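Count along the sequence shown from 1, then add 1; that gives the number in my numbering. In this text, a Cβ means the ideal position worked out from N, Cα and C, and glycines have one as well. Since the structure is predicted, the reported quantities are computational estimates derived from the model, not experimental observations.
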Amino acid sequence: MIKKFLIIISNFLYKIHYKIYILLNDYLQDKKHFSPYILKKKYSKGTIRIVHVNGNFVVGGTTQLIVDIIENMSEKYAHEIIVPDYPEPLPYQPVNIHKYSIYELSKLYDFLKENPPAAIHIHYWVRYNSRHDSIALWYAAVFKICEELAIKVIQNVNVPTEPFDSSAVVCNIFVSKYVLDNFNTSKISCSVIYPGSNFNHFKNDSDSLLSNESIGMVYRLDKDKLNAEAIEIFISVVKKRPSIQCYIVGGGFYFDYYKQRVKEEGLERKIIFTGYVSYKALPDYYKKIGLLVAPVHDESFGQVTPFAMSMGLCVAGYDTGALSEILGSKETLVKYGDIDKLVDSIVSLMGDHRKRLAIGLSNRKRAHELFAVESMIVEYEKIYNTYV
């Protein structure tokens, strides 16, 4: 009796937790300025069923990767998505999405057993320090279900973490060579496929108008990307070069703290917080800035960097994770945590228009050669043709 009561209470608290998360996410997105991305291919013509599994369906790199695959690979495949929960309205529409919380996994088992897909594409991003969190347990249960039902799994490792060890996995895909080289513990087939970007959307034909007086950061302001000290970079840059305007694009855990620090310094007019910005509107913010700042503590890939590169922007940040692999150089990167050196680098670059323009043009060329969505789709088609 007591055990049953505790399960009911646990279930209730779990649901409340997720409702608060969704409401907070919706609030931070500021719906007055946030509109969903509408997929270009609304209806699948494919008959081979692929189910994508992801721990959420919020704005971010993994969700964008799934959407890009759906948009570009629906002639042959019919795509569905399984998540533990999702915000309303959906940030990407329309999609065939199913919600199964950690307390509804028996229903997920029945769903997959009654109509098994040709393959399940699991997009995995559980880090070692989060391996006992509810989302990690949810992922583990999904892998177990696939094993029991003998459903083939294609595993995408989307963050700096080890791939999940499961007999259902037929291949592992890493989003960068950095993640493959440093975190691969599996002996099964693996490859690197860079997440592709739609560079027709992220383009800037006015390189000569590159701003000399504005910089920006485009990230989810969450612990998995940033730390509390990241805002100090922008505060210090403005103090050293008062003419500079800063744009902080994104929302998340540090949103209120960053705003409070800026208010304490009296810099509200110099450091602007946009909240979450829709995919459609994002290029307009890249056009406002003359340099992208990347002060992340680790980076598996990060599409915001190729977005900036395609827009002809210079990127300055910490030499961490796959950033130097993406940029192809460490010229504009400094040792992680060295705020003073990064601030000096940003101020110096903002004072040298020619150098930033040259780096930006080189960045654009590299991005279009390596990180275009078309190149990514070719590689995923090879994977699907081999294992599905």
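One Cα belongs to N185, the other to K271, and the distance between them is close to 43 Å. One alpha carbon belongs to L210, the other to P196, and they sit about 29 Å apart. Our two residues, P95 and V60, have alpha carbons roughly 15 Å apart in a direct line.
Exposure of I39 is indicated by the presence of fewer than 16 other C-beta atoms within 10 angstroms of its C-beta.
Under the three-state reduction of DSSP, L292 is assigned to strand. Note on V54: 16 or more other CB atoms within 10 angstroms of its CB, so buried under the neighbour-count rule. Runs of the beta strand (DSSP E) spanning 3 or more residues and lying entirely within the stretch 80-115 occur at 98-100, in chain order. Around C247, the same chain offers I216, F235 and I272 as residues with beta carbons nearer than 6 Å, after the five sequence neighbours per side are excluded.
Looking at the backbone, the Cα of Y179 and that of L227 are separated by about 19 Å.
Annotation: V193 is outside any alpha helix (DSSP H); the continuous beta strand (DSSP E) that includes it extends over C191 to V193.
The stretch 372-387 makes contact with the stretch 186-194; the number of CB pairs closer than 8 Å reaches 3 or more.
Relative to the Cα of E266, the nearest Cα in the group K240, K281, P117 and D257 belongs to K240. Spatial neighbours of F302 in its own chain (CB-CB distance under 6 Å, excluding positions within 5 residues in sequence) are listed in chain order as V176, S177, P196 and A323. Three or more beta-carbon pairs drawn from the stretch 308-325 and the stretch 357-367 are found closer than 8 Å, and the two stretches are therefore classed as touching.
Pairing F144 with S330, the inter-Cα distance amounts to about 38 Å. In the three-state DSSP reduction, M310 falls in the helix class (H, G or I).
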